[in-house]
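Visitor:
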Amino acid sequence: MIKILVVEDDVDLNRFVAMSLRDRGFDTVSCYDGMSALERVFEEKFDMLLTDIMMPRVDGFELASSVRARNKEIPIIFMTAKDDKASKIYGYNIGIDDYIVKPFDVDVLIMKISALLRRAKIESEKQITLGNLIMNSEERTALVDGVEISLTVREFDLLFKLLSYPKKTFTRASLMEEFWDYDSSATSRTVDVYMAKLREKTAACTGFEIQTVHGLGYKAVLK
């Protein structure tokens, strides 16, 4: 059973979200502040984190940043009243996967959760098939119409990441942190160059396209 940590200091909203998730077959654990959530998330295994931003003790930004530093894969959704562009950009920069603004329709939240879990499942299966492209992360191969295309190690990893999470926006900063680590020579322009190369090498692919998200980074969009 999928286990979701719900972090929200509004007790009534927390209970409503948790109950709605349980009614749809999810297992839930509720925390009412960021500090208790931090303690809980590193004691147990969760498949997803839903968190508010404005909370006592530890806010959602700090919580998400701490979780993402130790777990690169867990999907994180902000559910918050903060609808400003700066908060959204900062959230995506620290590694959240999606954002829903209060007040929200719980059915829309469920759809976002289901979409993120599907993407996480794709990545865990180690193979992606989109249109005429087949990527296998264990064999490190990328085939278009059965013919292997030449990708460097970093190009392969970048493309596999994008295609594992269709429609998810990856900021240049998050890509640099994950794929260039502490390489001081890497800049946001470096990411742009790699994306240009990937677009050129995957031009014959029928199942997706790599799109630029202005002011943020890149995402793969299915055709």
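Here our numbering is used: the first residue of the sequence shown is 6, the next is one more, and so on. Yeah, the Cβ is synthetic: ideal placement off N, Cα and C, and Gly gets one too.
#1: If the criterion is Cβ atoms closer than 8 Å, does the pair glycine 222 and threonine 176 meet it?
#2: Who are the near neighbours of valine 12 in its chain, counting only those whose CB is closer than 6 Å to its CB and skipping five residues on each side?
#3: How would you label methionine 59, buried or exposed, when you count the other beta carbons within 10 angstroms and need 16 or more for buried?
#4: Assuming leucine 54 and isoleucine 81 make a contact with CB atoms under 8 Å, what is their CB distance in whole Å?
#5: Runs of 3 residues minimum, wholly inside the stretch 123 to 189: which ones carry the beta strand (DSSP E) assignment?
#6: Which value, in whole angstroms, describes the spacing of the CA atoms of serine 92 and methionine 140?
#7: On the three-state DSSP scale, how would you describe threonine 195?
#8: Do leucine 163 and leucine 227 count as a contact pair if the criterion is CB distance below 8 Å?
#9: Do phenylalanine 66 and tyrosine 97 have their CB atoms nearer than 8 Å?
#10: Helix, strand or coil for tyrosine 104, going by three-state DSSP, please let me know.
#11: Are the beta-carbon atoms of threonine 211 and glycine 136 separated by less than 8 Å?
#12: Can you give me the start and stop residues for the alpha helix (DSSP H) that tyrosine 37 sits inside?
#13: Within 10 angstroms of its Cβ, does alanine 225 collect 16 or more other Cβ (buried), or is it exposed?
#14: For a test of the three-state rule: what should DSSP assign to leucine 55, helix, strand or coil?
#15: Please go through the same chain and pick out, in chain order, the residues whose beta-carbon is closer than 8 Å to the beta-carbon of aspartate 15, but skip the five residues on each side of it.
Guide: In short, the structure shows the following:
#1: Along the sequence shown, one-based indexing puts residue 222 at 217. Along the sequence shown, one-based indexing puts residue 176 at 171. Closer than 8 Å, so yes.
#2: Within the sequence shown, residue 12 is the residue found at index 7, counting from 1. Hits under 6 Å: Cys36, Ala42 and Thr56.
#3: On the sequence shown, position 54 is the one that residue 59 refers to. Classification for methionine 59: exposed.
#4: For the purposes of this step, residue 54 is identified with residue 49 of the sequence shown, where counting begins at 1. For the purposes of this step, residue 81 is identified with residue 76 of the sequence shown, where counting begins at 1. In this structure leucine 54 touches isoleucine 81 by the C-beta definition: roughly 5 Å separates them, less than 8 Å.
#5: DSSP assignment within the stretch 123 to 189 yields the following whole beta strand (DSSP E) runs of 3 residues or more, N-terminal first: 132 to 135, 138 to 141 and 146 to 149.
#6: Locating residue 92 in the sequence shown gives position 87, where the first residue counts as 1. Locating residue 140 in the sequence shown gives position 135, where the first residue counts as 1. So the two alpha carbons sit approximately 35 Å from each other.
#7: The sequence position of residue 195 within the sequence shown is 190, counting from 1. In the structure shown, threonine 195 sits in a helix (DSSP, three-state: H, G or I).
#8: Here residue 227 refers to the residue found at position 222 of the sequence shown. Here residue 163 refers to the residue found at position 158 of the sequence shown. No, the pair does not count as a contact, with Cβ atoms beyond the cut-off.
#9: To locate residue 66, count along the sequence shown from 1; it is residue 61. To locate residue 97, count along the sequence shown from 1; it is residue 92. Not in contact: phenylalanine 66 and tyrosine 97 (Cβ atoms no closer than 8 Å).
#10: Here residue 104 is taken as the residue at index 99 of the sequence shown, counted from 1. Looking at tyrosine 104 - three-state DSSP - the assignment turns out to be strand.
#11: The count along the sequence shown starts at 1 and reaches residue 211 at position 206. The count along the sequence shown starts at 1 and reaches residue 136 at position 131. Yes, these two residues count as a Cβ contact at 8 Å.
#12: The residue labelled residue 37 in the question sits at position 32 within the sequence shown. For tyrosine 37, no alpha helix (DSSP H) run applies, since DSSP gives it neither H nor E.
#13: Looking up residue 225 in the sequence shown gives position 220. Per the 10 Å Cβ criterion, buried.
#14: Taking the first residue of the sequence shown as 1, we reach residue 55 at position 50. Strand, per DSSP.
#15: Looking up residue 15 in the sequence shown gives position 10. The answer, listed in chain order, is Asp57.
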